[in-house]
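Enquirer: Please find one structure pasted underneath; my questions will follow.
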Amino acid sequence: MARYTNPVLLLLAAFTLSGCAVTQLAIESPLVSLKRVDVAEVGFSRQTFVLSFDVINPNPFSLPINHVSYGVKLDKQRFASGESVASFSIPANSDGEFAISVDLDLLRTAPQLLYIVRDSAVHDVAYELSGKFGVDIPFVDSVPFQYNGDIRLQAGLVTRATNHSSDKTP
Amino acid sequence: MMALISPSYSDARGNERDDVENMFRAYFLRQNNIKLLTKIDAVRVFGEDAAELDLTVGMAGTNDGVFGFSANAYAFEMELVREGDDWLLISARWGEVGGEIH
Chain V
6 MARYTNPVLL LLAAFTLSGC AVTQLAIESP LVSLKRVDVA EVGFSRQTFV LSFDVINPNP
66 FSLPINHVSY GVKLDKQRFA SGESVASFSI PANSDGEFAI SVDLDLLRTA PQLLYIVRDS
126 AVHDVAYELS GKFGVDIPFV DSVPFQYNGD IRLQAGLVTR ATNHSSDKTP
Chain G
23 MMALISPSYS DARGNERDDV ENMFRAYFLR QNNIKLLTKI DAVRVFGEDA AELDLTVGMA
83 GTNDGVFGFS ANAYAFEMEL VREGDDWLLI SARWGEVGGE IH
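Read top to bottom, the protein sequences are chains V and G.
For the first sequence, our numbering assigns the number 6 to the initial residue and increments by one for each residue that follows.
For the second sequence, our numbering assigns the number 23 to the initial residue and increments by one for each residue that follows.
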């Protein structure tokens with residue numbers, strides 16, 4: 006004899022079961038660091054940088070990311086900030102990377118940064134990175150991240166970063 | 023719970039059955055105490071082996087972790103098929119109530 010199960014009851018049962026979970030674990034903020042800054046284009050009124058980030062997901066489940074907001078300071082001066090729609094997933098207990106292209110007009114908006122960028126060719130410059138990941142899982146809040154490190158401009162207009170500290174945003 | 027998800031599950035976000043399992047894992051590992059408020063908006067049955075279910079789900083609960091849950095309610099549009107004697111979820115779309123569902 007066939008058994009027909011009411012789909013509504015089944016789905017509600019599934020939700021009810023999920024509501025019964027009890028655990029002390031919580032999602033951990035991914036560790037995000039600035040890996041590299043490539044100068045893709047330099048013009049009088051516009052400079053295009055490609056910011057490459059390393060990201061480590063310490064959680065035992067993957068994080069599907071649908072939105073990234075970020076801010077980068079060089080030597081405590083705001084260098085770049087913005088938001089970007091994203092579509093990538095960071096595997097569980099693993100790492101990944103992503104890149105964001107930004108257009109700046111440093112001559113107009115932050116001429117002092119030109120000196121900082123120039124000096125970073127011979128000296129490490131401290132950077133501060135902060136932002137949020139939008140996680141494409143219902144009811145899950147955005148996950149903030151923050152990281153401090155040093156960065157130096159390398160030959161060929163490519164900067165490479167060394168990271169020495171991190172702070173998790175509460 | 024995963025027994026309720028069809029092996030053929032796929033959705034517009036590109037998720038497959040394993041991705042749904044990952045979401046469940048995220049919930050199970052995150053929450054300390056949570057209650058879901060569900061409202062069935064519509065049920066549509068097509069023949070003997072297909073159905074659609076529209077749900078509005080709100081969340082109320084607490085969490086001992088650093089990060090909390092969003093207080094927003096979500097609208098779900100679920101597609102179910104009958105495989106053998108069981109009704110299984112084969113696709114779903116969702117979004118915050120009042121926002122885009124995909």
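We put the beta carbon where it would ideally sit given N, CA and C, even for glycine.
With a threshold of 8 Å between beta-carbons, can G:R16 be considered close to chain V, or not?
Expert: It is not possible to answer for residue 16 of chain G, since the shown part of chain G is limited to 23 through 124.
Enquirer: Quick check: the Cα distance between G:A95 and V:G101, rounded to an integer number of angstroms?
Expert: Distance between the alpha carbons of G:A95 and V:G101: 31 Å.
Enquirer: Could you please tell me which residues of the region 55-74 of chain V, in chain order, have their CB closer than 9 Å to any CB of chain G?
Expert: So the close ones are N64, P65, F66, S67, L68, P69, N71.
Enquirer: Using a threshold of 8 Å, state whether the C-beta atoms of V:N62 and V:L68 are closer than that.
Expert: Going by C-beta atoms, V:N62 is nearer than 8 Å to V:L68.
Enquirer: How many Å lie between V:T28 and V:P65 at the Cα?
Expert: Residue confidence for V:T28 is low, a pLDDT of 31 falling below 50, so the modelled location carries little weight; the figure read from the coordinates is stated next. C-alpha separation (whole angstroms): 14 Å.
Enquirer: Check whether the Cβ of G:Y96 lies closer than 8 Å to any Cβ atom in chain V.
Expert: Taking Cβ atoms only, chain V reaches closer than 8 Å to G:Y96, which makes this a yes.
Enquirer: For G:L26, name the three-state secondary structure that DSSP assigns.
Expert: It is helical.
Enquirer: Just to check my reading of the structure: V:G139 and V:S38 have Cβ atoms closer than 8 Å, yes? What is that Cβ distance to the nearest angstrom?
Expert: Between V:S38 and V:G139 the Cβ distance is about 19 Å, and since that is not below 8 Å, they are no contact.
Enquirer: Determine contact between the region 98-115 of chain G and the region 28-44 of chain G, defined as no fewer than three beta-carbon pairs at a distance below 8 Å.
Expert: Taking 8 Å as the limit for Cβ pairs, the verdict is that the region 28-44 of chain G does touch the region 98-115 of chain G.
Enquirer: Check distances from the C-beta atoms of the region 28-39 of chain G to those of chain V and list, in chain order, the residues that come in under 7 Å.
Expert: Those residues of the region 28-39 of chain G that come within reach of chain V (Cβ to Cβ, closer than 7 Å) are R35.
Enquirer: With a cut-off of 8 Å, does the C-beta of V:A26 fall near any C-beta of chain G?
Expert: With a pLDDT of only 38 at V:A26, under 50, the local geometry of the prediction cannot be trusted, and the value read off the model is given with reservation. Answer yes: the Cβ-Cβ gap between V:A26 and chain G drops below 8 Å somewhere.
Enquirer: With a cut-off of 8 Å on the beta carbons, I'd call V:P35 and V:V60 a contact; round off their distance for me.
Expert: Rounded, the Cβ-Cβ distance is 5 Å, consistent with contact.
Enquirer: What are the boundary residues of the alpha helix (DSSP H) that G:D71 is part of?
Expert: Taken as a continuous stretch (DSSP letters only), G:D71 belongs to no alpha helix (DSSP H), as it is neither H nor E.
Enquirer: Would you mind sorting V:P143 into buried or exposed? The rule is 16 or more other CB atoms within 10 Å of its CB.
Expert: Buried is the call here.
Enquirer: Name the one or two DSSP bridge partners that G:A97 has.
Expert: The partner list for G:A97 (beta bridge, DSSP) reads G:T78, G:G117.
Enquirer: Mind checking which residues open and close the beta strand (DSSP E) that includes V:V47?
Expert: Per DSSP, V:V47 belongs to the beta strand (DSSP E) from 36-47.
Enquirer: Nearest by alpha-carbon distance to G:P29: which of G:E105, G:V67, G:M81, G:V79 is it?
Expert: Of the listed residues, the one whose Cα sits closest to G:P29 is G:E105.
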